[in-house]
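**Student:** Residue numbers (numbering that gives the first Met the number 0), protein chains in the order written: chain A, 0 to 92; chain B, 0 to 466. The C-beta atom is built at its ideal place from N, Cα and C for all residues, glycine as well. Predicted model only: the values in this text are computed from it and were never measured.
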Amino acid sequence: MMNVIPKGTWVEIERVLLQPGDRAPNLPEETRICPYVLRISGFLQEDAELGAQVTVHSLIGHAHQGALKVVNPGYSHSFGTTVPELLHIGVRP
Amino acid sequence: MKDMSYQAVMGRRNEIMKASLGIDFTDYIQSPIAFDYERMMRETGYALEDIVRIQAETKVGNTPLFELTNLTEAVRAFAGPGKGARILVKDEAANAGGSFKARRAAISAFEAKKRGYAGLVAATSGNYGAAVASQAAMRGLKCIIVQEVFDSRGVGQPEILEKSRACEAYGAEVQRLSVGPELFFQLLLTLETTGFFNASLYTPFGIKGVETLGVEVAEQVRARYGQDPDAVVITHAGGGNLTGTARGLIAAGSTGTRVVACSVDLGGLHMASDTDFNRKSFTTGHTGFGVPFATWPDRVDVPRNAARSLRYMDEYQLVTQGEVFYVTELLAKLEGLERGPAGNTSLTAAVTLARAMDRDQIVVVQETEYTGAGKHHNRQLSFARENGIEVRVGDPRENVPGRVIVIPERLEQVRGSVQDMDKLRLSYLRNAAKAHPIPLWSDADRAFLAADLKKDLDWVAQAAATL
Numbered sequence: 000m001m002n003v004i005p006k007g008t009w010v011e012i013e014r015v016l017l018q019p020g021d022r023a024p025n026l027p028e029e030t031r032i033c034p035y036v037l038r039i040s041g042f043l044q045e046d047a048e049l050g051a052q053v054t055v056h057s058l059i060g061h062a063h064q065g066a067l068k069v070v071n072p073g074y075s076h077s078f079g080t081t082v083p084e085l086l087h088i089g090v091r092p
Numbered sequence: 000m001k002d003m004s005y006q007a008v009m010g011r012r013n014e015i016m017k018a019s020l021g022i023d024f025t026d027y028i029q030s031p032i033a034f035d036y037e038r039m040m041r042e043t044g045y046a047l048e049d050i051v052r053i054q055a056e057t058k059v060g061n062t063p064l065f066e067l068t069n070l071t072e073a074v075r076a077f078a079g080p081g082k083g084a085r086i087l088v089k090d091e092a093a094n095a096g097g098s099f100k101a102r103r104a105a106i107s108a109f110e111a112k113k114r115g116y117a118g119l120v121a122a123t124s125g126n127y128g129a130a131v132a133s134q135a136a137m138r139g140l141k142c143i144i145v146q147e148v149f150d151s152r153g154v155g156q157p158e159i160l161e162k163s164r165a166c167e168a169y170g171a172e173v174q175r176l177s178v179g180p181e182l183f184f185q186l187l188l189t190l191e192t193t194g195f196f197n198a199s200l201y202t203p204f205g206i207k208g209v210e211t212l213g214v215e216v217a218e219q220v221r222a223r224y225g226q227d228p229d230a231v232v233i234t235h236a237g238g239g240n241l242t243g244t245a246r247g248l249i250a251a252g253s254t255g256t257r258v259v260a261c262s263v264d265l266g267g268l269h270m271a272s273d274t275d276f277n278r279k280s281f282t283t284g285h286t287g288f289g290v291p292f293a294t295w296p297d298r299v300d301v302p303r304n305a306a307r308s309l310r311y312m313d314e315y316q317l318v319t320q321g322e323v324f325y326v327t328e329l330l331a332k333l334e335g336l337e338r339g340p341a342g343n344t345s346l347t348a349a350v351t352l353a354r355a356m357d358r359d360q361i362v363v364v365q366e367t368e369y370t371g372a373g374k375h376h377n378r379q380l381s382f383a384r385e386n387g388i389e390v391r392v393g394d395p396r397e398n399v400p401g402r403v404i405v406i407p408e409r410l411e412q413v414r415g416s417v418q419d420m421d422k423l424r425l426s427y428l429r430n431a432a433k434a435h436p437i438p439l440w441s442d443a444d445r446a447f448l449a450a451d452l453k454k455d456l457d458w459v460a461q462a463a464a465t466l
């Protein structure tokens, strides 16, 4: 039984906008060899499995197509681990 | 079905721009170099008092001006006798959206609403995204933000991830893209398929909106100290902050105020490089934008850029990443203000300026920005370390962009470095000569170049002869 993600779920999709050969001229080599990729979040428009080609509707209701990558994408960025080199600054003994 | 290939979309850029902006730039353009800049600014139809009113409707402007007494004292402790100007900061983080960029976004959102557009599109990885999304929310408009966010490993700059979050919090669609200048291609495609308004950073609306910031600085300083600010320091990226603020100072009659630009030195890092992308600990306010935009403003998403920083700039300072992070930490510790490091770039230059200025003089830092997870200097430094960059305490002159970030041991080591303005002006002239060969320059071209470089006709003639 495959894991089906129900229609209406908030998901993230990914789509290649430009293949390496179609990219802008004069790119550095390390960028030119990569595809140009879009990621966007939206509400899933049909039941689907991870990796399937799907349609989502963004927060403003626009349709976008792409491969289903993440279910319920969140924000994982943080303040980071403590950087000890900052701790001496402005501390009055 | 229209051709949606890179070349085809780029080929339609002029018609897409015209439909999404409603400004016919051909009315103003005189040659590949010259255009009637002041008439273009005037014909936006917005007087200063209109802008103040529009901004007040959507929680923008009239931000507090704080004197940083403890930081000023800290600078006076090592400045020479009689030296150490008062350092003031304009707390632009108090605007809806968390930065001065709300001033720019407010006018675009108002204009889009007035002209019946259903929504706004902006291509930006900076604070402007949150500003446009926030203003769109209040005007009942839809909003799409197109961002360069992650490299080919899928790793995103924490500072930009936070701005993605903020834009979605304000209800925007966020298109997150991998590294590359094709952001512009995706912007055009999005403008064409949605028919939305182009909230470009570089339209006359975007620049007019910042003029209120310069006016407020002049008026608040005068009201409190009975004098004009001696210097205003402005973080310099695309040039709109400096251009708008300087125009506002002039509008308020503060014509003797020195306008100082400041960027973080990211020399040597390629802006379109997939591998350099995550070796930058700054995503804005750095030389990757500051220098190319100063030396050729017309490299943007509109036919002529209303942000023309060399027209208004008196001095250009570069600072290191480590110096900015030091001063950002110090602002929190000494002044109780935790603000984002990108906005504090100019605060860093203010320290250097204040130590050389007299005690009865005033230097104003004209912005702060909000901070939080991802946008915090602790995150930017820990991210740098995760990406193989050496972080250590020492002499900031040993800083190497993309390789070593050196946090100063003490404030006295925050020195920055002054750029050669004439070198920048010559670089601009070289770009102008590429766009329009020197033998074809008319009197109008030479007059435009002189105004754009804050120099006279003789200087332009002599400099052009050396190219």
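Quick check on B:V417: buried or exposed, where buried means 16 or more other Cβ atoms within 10 Å of its Cβ?
**Tutor:** exposed
**Student:** Quick check on B:F149: buried or exposed, where buried means 16 or more other Cβ atoms within 10 Å of its Cβ?
**Tutor:** buried
**Student:** Going by the beta-carbon positions, is the gap between B:P228 and B:A245 smaller than 8 Å?
**Tutor:** no
**Student:** Could you work out which residue in B:N386, B:G128 and B:M356 is closest to B:D275 when comparing CA atoms only?
**Tutor:** B:N386
**Student:** Whose CA, out of A:T80, A:P5, A:E48 and A:S40, lies closest to the CA of B:R164?
**Tutor:** A:S40
**Student:** Near B:V259, which residues of its chain fall below 6 Å by C-beta distance, leaving aside the five closest residues on each side in sequence?
**Tutor:** A230, V232 and E314
**Student:** Compare the C-beta of A:V10 with all C-beta atoms of chain B and state if any pair is closer than 8 Å.
**Tutor:** Chain B, which has no Cβ nearer than 8 Å to the Cβ of A:V10, makes this no.
**Student:** Measure from the alpha carbon of A:A47 to the alpha carbon of each residue in A:E29, A:P5 and A:P92, then state which is nearest.
**Tutor:** Of the listed residues, the one whose Cα sits closest to A:A47 is A:P5.
**Student:** Taking 6 Å as the limit between beta carbons, can you name the residues of its chain near B:F24, skipping five residues before and five after?
**Tutor:** P302 and R303
**Student:** What does a CB cutoff of less than 7 Å around B:K374 pick up in its chain, not counting 5 residues either side in sequence?
**Tutor:** E158, E161 and G339
**Student:** Check the DSSP bridge columns for B:L119 and list the partner residues they point to.
**Tutor:** B:C142 and B:F196
**Student:** Select from B:F196, B:A446, B:A132 and B:V51 the residue whose C-alpha is nearest the C-alpha of B:I22.
**Tutor:** B:F196
**Student:** Expressed to the nearest angstrom, what Euclidean distance is found between the alpha-carbon atoms of B:R358 and B:V350?
**Tutor:** 13 Å
**Student:** For A:S75, does the count of other Cβ atoms within 10 angstroms reach 16, so buried, or fall short, so exposed?
**Tutor:** exposed
**Student:** In or out: B:I437 buried (at least 16 other Cβ within 10 Å) or exposed?
**Tutor:** exposed
**Student:** Mapping DSSP to helix, strand and coil, what is B:T285?
**Tutor:** Note that residue 285 of chain B is His in the sequence shown, not Thr. Strand.
**Student:** For A:L86 and B:N377, which I take to be in contact (beta-carbon distance under 8 Å), what is that distance rounded to the nearest angstrom?
**Tutor:** Between A:L86 and B:N377 a beta carbon distance of about 10 Å is seen, past the 8 Å cut, so the two are scored as non-contacting.
**Student:** Measure how close the beta-carbons of B:T123 and B:L200 come, nearest whole angstrom, since I'm counting them as under 8 Å.
**Tutor:** 7 Å
**Student:** Going by DSSP, what residue range makes up the beta strand (DSSP E) through B:C166?
**Tutor:** Where B:C166 is concerned, there is no enclosing beta strand (DSSP E), although the alpha helix (DSSP H) it sits in stretches over P157 to A168.
**Student:** Using a threshold of 8 Å, state whether the C-beta atoms of B:R402 and B:E389 are closer than that.
**Tutor:** yes
**Student:** Look at the Cβ atom of A:I32, then the Cβ atom of A:P24, and state whether they are nearer than 8 Å.
**Tutor:** no
**Student:** I need the DSSP call for B:M15, collapsed to helix, strand or coil.
**Tutor:** One point to set straight first is that residue 15 of chain B is Ile, not Met, in the sequence displayed. B:I15: helix per DSSP, three-state reduction.
**Student:** Helix, strand or coil: how does DSSP classify B:T234 here?
**Tutor:** strand
**Student:** Along the chain, where does the beta strand (DSSP E) that runs through A:Q64 open and close?
**Tutor:** A62 to V70
**Student:** Does the beta carbon of B:A236 fall short of 7 Å from some heavy atom of the ligand GDP?
**Tutor:** The ligand GDP is not part of the structure shown, which contains no ligands of any sort.
**Student:** Check the Cβ-Cβ distances between B:E172 and every residue of chain A, and say whether any is below 8 Å.
**Tutor:** yes
**Student:** If you scan the stretch 279-342 of chain B from start to end, which runs of the beta strand (DSSP E) of 3 or more residues do you find wholly inside it?
**Tutor:** 314-318
**Student:** Could you work out which residue in B:M40, B:L265, B:P80 and B:G79 is closest to B:G205 when comparing CA atoms only?
**Tutor:** Restricting attention to B:M40, B:L265, B:P80 and B:G79, the CA atom closest to the CA of B:G205 is found in B:M40.
**Student:** Have a look at B:Q219 and B:T193 and give me their C-alpha separation to the nearest angstrom.
**Tutor:** The alpha-carbon atoms of B:Q219 and B:T193 are separated by roughly 42 Å.
**Student:** So for B:K374, helix, strand or coil by DSSP?
**Tutor:** coil
**Student:** Between B:V145 and B:V120, which are expected to be in contact by the criterion C-beta below 8 Å, what is the C-beta distance as a whole number of angstroms?
**Tutor:** Taking C-beta atoms under 8 Å as the contact rule, B:V145 and B:V120 qualify, at a distance of about 7 Å.
**Student:** Which runs of the beta strand (DSSP E) at least 3 residues long sit entirely within the stretch 56-131 of chain B? Give them in chain order.
**Tutor:** 64-66, 85-89 and 118-122
**Student:** Run the CB neighbour count on B:R307, radius 10 Å, all protein chains shown included, and call it buried at 16 or more, exposed below.
**Tutor:** Around the beta carbon of B:R307, a 10 Å sphere encloses 16 or more other beta carbons of the protein chains shown; the residue is thus reported as buried.
**Student:** Rounded to whole angstroms, what is the Cα-Cα separation between A:P92 and B:I404?
**Tutor:** Approximately 26 Å, taken between the alpha carbons.
**Student:** If you measure between the beta carbons of B:T319 and B:T234, is that distance less than 8 Å?
**Tutor:** no
**Student:** List the residues of chain A that B:V392 touches, going by C-beta distances under 8 Å, in chain order.
**Tutor:** E84 and H87
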